[in-house]
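Q:
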């Protein structure tokens with residue numbers, strides 16, 4: 006009988022390198038200054054280049070000037086977590102891209118229900134033969150008639 010741990014290890018084995026890669030990216034984000042984090046859209050590693058997507062031109066300029074600072078932060082990650090060295094290879098350089106910010110999704114507001122210029126008078130046929138259903142329709146018709154008489158007077 007397999008234990009839960011062996012089953013989970015077997016399930017996550019193909020994704021182990023991706024999980025560790027993302028954990029290393031999270032470690033890098035934790036090492037960066039906190040005021041940068043809301044302006045960073047993504048961080049990824051491609052062809053030994055660390056690509057940082059930012060949403061503000063000021064941070065783009067600052068990161069272009071301080072590329073060595075980002076590489077030093079990566080070195081700190083390797084010292085604190087050596088497994089990142091295996092799954093997150095040493096970047097040769099830093100590329101900073103300006104990306105538009107993600108659009109804020111507005112909460113869906115349904116259109117207001119239509120306002121009809123007339124009211125139901127309670128004048129409709131009930132073509133149902135089932136006595137229970139017929140009784141329900143009769144109550145609806147009587148309610149509509151009462152509301153019509155109260156709102157418009159008798160006439």
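Numbering (our numbering), first residue to last: 6 to 160.
C-beta: ideal position from N, C-alpha, C; glycine also.
Tell me whether residue 82 is buried or exposed, calling it buried when 16 or more other Cβ atoms sit within 10 Å of its Cβ.
A: That one is buried.
Q: At the level of alpha carbons, what is the spacing between residue 153 and residue 136?
A: In a straight line, the C-alpha of residue 153 is about 25 Å away from that of residue 136.
Q: With DSSP collapsed to three states, give me the class of residue 55.
A: Of the three classes helix, strand and coil, the one that applies to residue 55 here is strand, per DSSP.
Q: Could you say which of 33, 57, 46 lies nearest to residue 79 if we only look at CA atoms?
A: When only C-alpha atoms are compared, the closest one is 33.
Q: Where in the region 84-110 do unbroken runs of the alpha helix (DSSP H), each at least 4 residues long, occur, reported from the N-terminal end onward?
A: The region 84-110 contains these whole alpha helix (DSSP H) runs: 88-92.
Q: Go through its chain and collect everything with a Cβ distance to residue 101's Cβ below 7 Å, but skip five positions before and after it.
A: 57, 59, 65, 68, 69.
Q: Just the Cα atoms here: how many angstroms apart are residue 13 and residue 7?
A: Cα to Cα, the separation comes out at about 10 Å.
Q: Alpha carbon to alpha carbon, what distance is there between residue 27 and residue 45?
A: Answer to the nearest angstrom: the Cα atoms are 15 Å apart.
Q: Do residue 88 and residue 25 have their C-beta atoms within less than 9 Å of each other?
A: Yes.
Q: Across which residues does DSSP place residue 49 in a beta bridge pair?
A: According to DSSP, which records beta bridges pairwise, residue 49 is partnered with 56.
Q: Between 37, 113, 144, which lies nearest to residue 71 when the distance is taken from Cα to Cα?
A: Closest by alpha carbon: 37.
Q: What does the Cβ neighbour count give for residue 55, buried or exposed, with the cut at 16 atoms within 10 Å?
A: Residue 55 comes out buried.
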